[in-house]
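In mature numbering (1 follows the signal peptide of the UniProt record, and there is no 0), the protein residues as written are -21 to -1, 1 to 144.
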């Protein structure tokens, strides 16, 4: 039974990638020239390119370690971009409430770098920025903390982004 499900999943994946379940998955495409590939991974036999560090807007970055956060903050700082870090937890109700807005803001304001940190999975970053309650939003410019917001206050979050952008 499992093998039938695996075959069906592979065929379904191939259908979405190429439009033809018989052909199988589409070949991997080269990473865009605007970002250098640093690693290759394989998904269903298709090589996927993993882009190098990028601080493009329109997405919420979810770094896994303090070093990853520091690299994003450094890169954004060198480009003069505002960084907004959302410190949250999976068990936090207000965090879940404001998460869709945070995603929408990242898509609407491409000149700002949005980072989301789960304090339970990345406690070192939470400690570095003295986070003791969730959600907490930390605003950085040129690598320096310039403001912070504690609590799920959508209007104030938008105001602070507009003010510091």
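Using N, Cα and C, we set each Cβ at its ideal position, and we do this for glycine too.
- Residue 113 carries a coil assignment under DSSP once its states are collapsed to helix, strand and coil.
- Collapsing the DSSP output to three states places residue 92 in a strand.
- DSSP places residue 85 in the uninterrupted alpha helix (DSSP H) bounded by 72 to 87.
- Residue 126 holds the alpha-carbon nearest to the alpha-carbon of residue 142 among 131, 130 and 126.
- For the 9 Å CB-CB criterion, residue 60 and residue 39 do not form a contact.
- Within the same chain, Cβ atoms closer than 7 Å to the Cβ of residue 97 are found at 67, 68 and 69, the five residues on either side in sequence being excluded.
- The beta carbon of residue 62 sits closer than 6 Å to those of 52, 55, 92 and 119, all from its chain and outside the five residues before and after it, given in chain order.
- Note that the C-beta distance between residue 41 and residue 95 is below 9 Å.
- Between residue 129 and residue 74, the C-beta spacing is not below 9 Å.
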